[in-house]
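Undergrad: As they're listed, the protein sequences go chains A and B.
According to my numbering, the first sequence is numbered sequentially starting from -12.
According to my numbering, the second sequence is numbered sequentially starting from -12.
Encoded as structure tokens, here's the structure I'll be asking about.
Number of protein chains: 2
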Amino acid sequence: MTPISEGQNRAPVMEDVAKLAGVSHQTVSRVLNGNPNVSARTLEKVQGAIVELGYRRNTAARSLVTRRSNTIGVLASEMSQYGPSNTLLALQQAAREADYFVSIAGLAEVTPETIEEAMLRFLDQGVDGIIVQVPHAGIFETLVKLNLDLPVVAIGAAGTSGLSGVAIDQTAGARQAVEYLISLGHQRIGHVAGPAGWVDTQARIGGWRAALDHAGLPEGPLLEGDWSANSGFRLGREIARIGDVTAIFAGNDQMALGLLRAFAEAGISVPGDISVVGFDDWPESEFFLPPLSTVRQDFQELGKRCIQALLAELDGGARDGASVQVVPELVIRGTTAAPH
Amino acid sequence: MTPISEGQNRAPVMEDVAKLAGVSHQTVSRVLNGNPNVSARTLEKVQGAIVELGYRRNTAARSLVTRRSNTIGVLASEMSQYGPSNTLLALQQAAREADYFVSIAGLAEVTPETIEEAMLRFLDQGVDGIIVQVPHAGIFETLVKLNLDLPVVAIGAAGTSGLSGVAIDQTAGARQAVEYLISLGHQRIGHVAGPAGWVDTQARIGGWRAALDHAGLPEGPLLEGDWSANSGFRLGREIARIGDVTAIFAGNDQMALGLLRAFAEAGISVPGDISVVGFDDWPESEFFLPPLSTVRQDFQELGKRCIQALLAELDGGARDGASVQVVPELVIRGTTAAPH
DNA sequence: TACTATGTTGTTAGCGCTAACATTGGCGTG
DNA sequence: CACGCCAATGTTAGCGCTAACAACATAGTA
């Protein structure tokens, strides 16, 4: 097994390969770039020399002249949460398949300033394009205002004016969930939403509302949490006190977990007295008490589509603000039943 | 031949700044690199010109000549899990503070081949150093075998022969947890471990065993899960069937969640009949039924130390295989009580 | 035969930056 | 005042690669 790097000796450069193969360095370059105008004999010689020397092309030199870094910047907030971290993973895999590197910038705090700073860092680094995974409302305007001369794909944003967007259709997902509750016979369906100012929050509220409107049902209580199980717990106690609903659509699985705990403590049976549906389908939701009915999002697909959209802009140069939607899927488990 | 019109679009280069400031490009370079031998007057002129043109230094050109990319590669498996994703976030922040970019490679499958492939990609990219966040046993040997001519810091590995290691002292954490159970009066303490072949599994088993040995207690049952709540649930049922323990130390919080569910279904009260302690302290653990006692790991600190270790190797050139340990903290909540 | 089209290879000129050395001018010293 | 010294600046030569063009051989066409 050849060592990966040549230890003390200077790493071989194209010229070394060329000499060994008895050709010019440009021919080596042609082989490396898959130029068809290379004879089979030469190709073989060059490839042999490359292997023999363990030659690897210098990215910096290549980038300098091509003005391409083969790197995609991913700007992410809430990086350690379930959705974002899974999207990040998928993004990374899709990028690798397309032979791109992924550079990440995690935002601890989301403000126009921190976003701009991160973007400037990406520019400094010379990334070819940027994927923005920041689910805050207003992110879109912030990005447009920066007026970057680079392809940008925003996750969760509708595409307009120069920015492409790829999103999971959370409105449709929320609507599916609520429609399912309605089909079970529920008539008073509340929503424990995420914090205002999140794209996801708005979309999920929208889906909940649309389903109720469509069925001609009145809106149940709309409560605002902060995605945490803690807030779900707090709001669950409030709901238990007020009564008056037979089903709750929770903005995510964590808050649903808080709800379940609050209801259990209040002696309210789930799904006997109240049905609960979450959103996300994180792996543990299956093991809540009872197992949580929820809406599953396909992050893998989301990541793949993002990279596709970005590469399309990179190659085609089209900046048409295309918008792609991935549709989520309702998963029915043990927290939903017909009202009594 | 110089182009006739210097198109507005062309990004300014150092020479443009130099011209505007009335100096040579080298002086601009000196300003940018903080060279002290620049007069105050010149410094000001150059900085003014930089701002006026919105000049940003070209990283590729810089890397080409300095042979530094200012990029750190992070190799991670299980990227979307709680611990790793938090570590990744911390790593990224610490790197940014030191003015380094972070390039990630997420491993879908951990084998010597996938690791080698990812490492080769990092080499191609020209990273200055690599941080490996792959908690599988044997990762260390795999890395050493690759014989990389690059600083590598492995998370969770003890440092020897050319590789530095930074780890959370999970053995100490596990020991703390079990000693606490012993202090409550428990005498039959089982362990639901993670899958064999994980560094973390081994360390936590080690801590559990050490505490029992030290107290002169017999080892309770040792069961192997796979980190998932599902496996915890399965093993919980088994424990419920066998009985014979008054406390379980779970290898992580997810499995603890599964245990809680299994015990609830079996009519076993926690902490009345059995005490449970988890490991990780993920945010939702506080909202389990009852709130989970667990061991908190400081990923922020871990990330910071990793970057420190890597930068030390980068700057000092020392490859001393230093080993740093971060000590975790026991968090006592509602799943632990004295046995009856 | 001459002449063009085509495929294969080599040569040259940078990409934008930093390192190394060269040059200048002002200062203190003998 | 000649001397060296040092701080401030300029000049030159690449880093390793690709793009553009030049150079040639070969084959096909008039």
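For glycine and all other residues, C-beta sits at the position ideal for the given N, C-alpha and C.
Assuming Val314(B) and Ala237(B) form a contact by the criterion Cβ under 8 Å, report the distance between their Cβ atoms to the nearest whole angstrom.
TA: Position 327 of the second sequence, counted from the first residue, corresponds to residue 314(B). Position 250 of the second sequence, counted from the first residue, corresponds to residue 237(B). That belief does not hold up - the Cβ atoms of Val314(B) and Ala237(B) are roughly 20 Å apart, past 8 Å.
Undergrad: For Leu150(B) and Glu211(B), I'd like the C-alpha separation in whole angstroms.
TA: Locating residue 150(B) in the second sequence gives position 163, counting from the first residue. Locating residue 211(B) in the second sequence gives position 224, counting from the first residue. Leu150(B) and Glu211(B): Cα-Cα distance of roughly 30 Å.
Undergrad: Find the residues of chain B that neighbour Thr46(A), judging by a C-beta separation of less than 9 Å, and give them in chain order.
TA: To locate residue 46(A), count along the first sequence from 1; it is residue 59. Those within 9 Å of Thr46(A) in chain B are Ala47, Ser50, Ser56, Asp111, Gln112 and Gly113.
Undergrad: Which of the three DSSP states, helix, strand or coil, is assigned to Thr281(B)?
TA: For this step, residue 281(B) is matched to residue 294 along the second sequence. Strand.
Undergrad: Which same chain residues end up closer than 8 Å to Leu110(A) when comparing Cβ atoms and leaving out the 5 residues on each side of it in sequence?
TA: Sequence index remark: in the first sequence, residue 110(A) carries index 123 (1-based). For Leu110(A), where only same-chain residues beyond five positions count, the Cβ hits under 8 Å are Leu135 and Leu137.
Undergrad: Just the C-alpha distance for Thr233(A) and Glu206(A), rounded to the nearest angstrom, thanks.
TA: As a position in the first sequence, residue 233(A) is number 246, starting the count at 1. As a position in the first sequence, residue 206(A) is number 219, starting the count at 1. Those two C-alpha atoms are separated by around 12 Å.
Undergrad: Taking CB distances under 7 Å as the criterion, tell me whether Ile169(B) reaches chain A.
TA: Taking the first residue of the second sequence as position 1, residue 169(B) is located at position 182. It does not: the Cβ of Ile169(B) has no partner Cβ on chain A nearer than 7 Å.
Undergrad: Could you tell me whether any Cβ in chain B is nearer than 7 Å to the Cβ of Pro73(A)?
TA: Position 86 of the first sequence, counted from the start, is the residue given in the question as residue 73(A). Per the sequence presented here, residue 73(A) reads as Asn, with Pro not at that position. It does; some Cβ of chain B falls within 7 Å.
Undergrad: Tell me which residue opens and which closes the beta strand (DSSP E) that Ala296(A) is part of.
TA: Translated into positions along the first sequence, residue 296(A) becomes position 309. Not the beta strand (DSSP E): Ala296(A) falls in the alpha helix (DSSP H), residues Phe286 to Gly303.
Undergrad: Between which two residues does the alpha helix (DSSP H) carrying His201(A) extend?
TA: For the purposes of this step, residue 201(A) is taken as the residue at position 214 of the first sequence. Note, His201(A): alpha helix (DSSP H), Val186 to Ala202.
Undergrad: Would you call the stretch 193 to 205 of chain A and the stretch 213 to 223 of chain A in contact, with 3 or more CB pairs under 8 Å?
TA: Because the criterion of three Cβ pairs below 8 Å is not met, the stretch 193 to 205 of chain A and the stretch 213 to 223 of chain A do not touch.
Undergrad: Does the structure place the stretch 57 to 69 of chain B close enough to the stretch 84 to 104 of chain B that three or more beta carbon pairs sit under 8 Å?
TA: Verdict: yes, contact present.
Undergrad: Which residues in chain A have a C-beta closer than 8 Å to the C-beta of Asn239(B)? List them in chain order.
TA: Along the second sequence, one-based indexing puts residue 239(B) at 252. Within chain A, no residue comes near Asn239(B); the closest Cβ sits about 11 Å away, beyond 8 Å.
Undergrad: Return the CA-CA distance between Glu225(A) and Arg175(A), expressed in angstroms with no decimal places.
TA: The residue given as residue 225(A) occupies position 238 in the first sequence. The residue given as residue 175(A) occupies position 188 in the first sequence. Answer to the nearest angstrom: the Cα atoms are 16 Å apart.
Undergrad: Three Cβ pairs or more, each shorter than 8 Å: is that satisfied between the stretch 112 to 124 of chain B and the stretch 29 to 42 of chain B?
TA: Cβ pair count under 8 Å is below three, so no.
Undergrad: Can a CB atom of chain A be found closer than 7 Å to the CB of Ser310(B)?
TA: For the purposes of this step, residue 310(B) is identified with residue 323 of the second sequence, where counting begins at 1. Closer than 7 Å: no.
Undergrad: Would you mind giving the Cβ-Cβ distance between Val139(A) and Ile169(A), rounded to the nearest angstrom? I have them listed as a contact below 8 Å.
TA: As a first step, residue 139(A) must be located in the first sequence, where it is residue number 152. As a first step, residue 169(A) must be located in the first sequence, where it is residue number 182. Not quite, the Cβ-Cβ distance comes to about 39 Å (not below 8 Å), so this is no contact.
Undergrad: At 3 residues or longer, what runs of the beta strand (DSSP E) sit wholly inside the stretch 57 to 120 of chain B?
TA: With a minimum length of 3 residues, the continuous beta strand (DSSP E) runs that stay inside the stretch 57 to 120 of chain B are 58 to 64, 88 to 94 and 116 to 120.
Undergrad: Taking the beta strand (DSSP E) that Leu210(A) belongs to, which residues open and close that run?
TA: Walking along the first sequence from the start, residue 210(A) turns up at place 223. Leu209 to Glu211 is the span of the beta strand (DSSP E), which, as asked, contains Leu210(A).
Undergrad: In angstroms with no decimal places, state the Cα-to-Cα distance between Gly321(B) and Val282(B).
TA: Along the second sequence, one-based indexing puts residue 321(B) at 334. Along the second sequence, one-based indexing puts residue 282(B) at 295. Their Cα atoms are separated by approximately 13 Å.
Undergrad: Using the C-alpha atoms, what's the distance from Arg248(A) back to Gly172(A)?
TA: For the purposes of this step, residue 172(A) is identified with residue 185 of the first sequence, where counting begins at 1. For the purposes of this step, residue 248(A) is identified with residue 261 of the first sequence, where counting begins at 1. When rounded, the distance between both Cα atoms is 24 Å.
Undergrad: If we ignore side chains and look at the alpha-carbon of each, how far apart do Pro(-1)(A) and Leu40(A) end up?
TA: Mapped onto the first sequence, residue -1(A) falls at position 12. Mapped onto the first sequence, residue 40(A) falls at position 53. Near 7 Å, if we compare the C-alpha coordinates of Leu40(A) and Pro(-1)(A).
Undergrad: Run through DSSP, which three-state label would His12(B) get?
TA: Against the second sequence, residue 12(B) aligns to sequence position 25. It is helical.
Undergrad: What do you reckon, are the CB atoms on Ser262(B) and Thr323(B) nearer than 7 Å?
TA: Here residue 262(B) corresponds to residue number 275 of the second sequence, with the count starting at 1. Here residue 323(B) corresponds to residue number 336 of the second sequence, with the count starting at 1. Taking 7 Å as the Cβ cut-off, Ser262(B) and Thr323(B) qualify as a contacting pair.
Undergrad: Can you list, in chain order, the residues of its chain whose CB lies under 8 Å from that of Asp285(A), leaving out five sequence neighbours each side?
TA: Within the first sequence, numbered from 1, the residue matching residue 285(A) stands at position 298. Ile155, Val313, Pro315 and Glu316, listed in sequence order.
Undergrad: Do you know offhand how far Asn20(A)'s Cα is from Asp115(B)'s?
TA: Numbered from 1 along the first sequence, position 33 holds the residue referred to as residue 20(A). Numbered from 1 along the second sequence, position 128 holds the residue referred to as residue 115(B). Those two C-alpha atoms are separated by around 25 Å.
Undergrad: Going by other Cβ atoms of all chains shown within 10 Å of its Cβ, with 16 needed for buried, is Ser280(A) buried or exposed?
TA: The residue you call residue 280(A) lines up with position 293 of the first sequence. So Ser280(A) ends up on the buried side.
Undergrad: Going by C-alpha to C-alpha distance, which of Val89(B), Pro277(B), Ala47(B) and Val18(B) sits closest to Gly245(A)?
TA: For the purposes of this step, residue 245(A) is taken as residue 258 along the first sequence, with counting starting at 1. Nearest of Val89(B), Pro277(B), Ala47(B) and Val18(B) to Gly245(A), Cα basis: Pro277(B).
Undergrad: Give the C-beta separation of Ala197(B) and Arg228(B) to the nearest angstrom, bearing in mind that I take them to be a contact with Cβ-Cβ under 8 Å.
TA: In the second sequence, residue 197(B) corresponds to position 210, counting from 1. In the second sequence, residue 228(B) corresponds to position 241, counting from 1. About 28 Å; that fails the 8 Å criterion.
Undergrad: Per DSSP, which one or two residues make a beta bridge with Ser151(B)?
TA: Here residue 151(B) corresponds to residue number 164 of the second sequence, with the count starting at 1. According to DSSP, which records beta bridges pairwise, Ser151(B) is partnered with Val140(B).
Undergrad: Run through DSSP, which three-state label would Ser272(A) get?
TA: Translated into the one-based positions of the first sequence, residue 272(A) becomes position 285. Looking at Ser272(A) - three-state DSSP - the assignment turns out to be helix.
Undergrad: Count the other CB atoms within 10 Å of the CB of Lys132(A); is the residue buried (16 or more) or exposed (fewer)?
TA: Mapped onto the first sequence, residue 132(A) falls at position 145. Its Cβ having fewer than 16 others within 10 Å, Lys132(A) is exposed.
Undergrad: Say whether chain B places a C-beta atom closer than 7 Å to the C-beta of Arg224(A).
TA: In the first sequence, residue 224(A) corresponds to position 237, counting from 1. No - not a single Cβ of chain B is within 7 Å of the one on Arg224(A).
Undergrad: Please classify Thr58(A) as buried or exposed, where buried requires at least 16 other C-beta atoms within 10 Å of its C-beta.
TA: Taking the first residue of the first sequence as position 1, residue 58(A) is located at position 71. Thr58(A) is buried by the Cβ-count criterion.
Undergrad: Once the 5 residues before and after Ser56(A) are set aside, which same chain residues still bring their CB inside 8 Å of it?
TA: Sequence index remark: in the first sequence, residue 56(A) carries index 69 (1-based). Closer than 8 Å at Cβ, skipping near neighbours: Thr46, Ser50, Phe88, Gln112, Gly113, Val114 and Asp115.
Undergrad: If I follow the unbroken alpha helix (DSSP H) through Ser50(B), where does it start and stop?
TA: In the second sequence, the residue the question calls residue 50(B) occupies position 63. Unbroken alpha helix (DSSP H) run through Ser50(B): Thr46 to Thr53.
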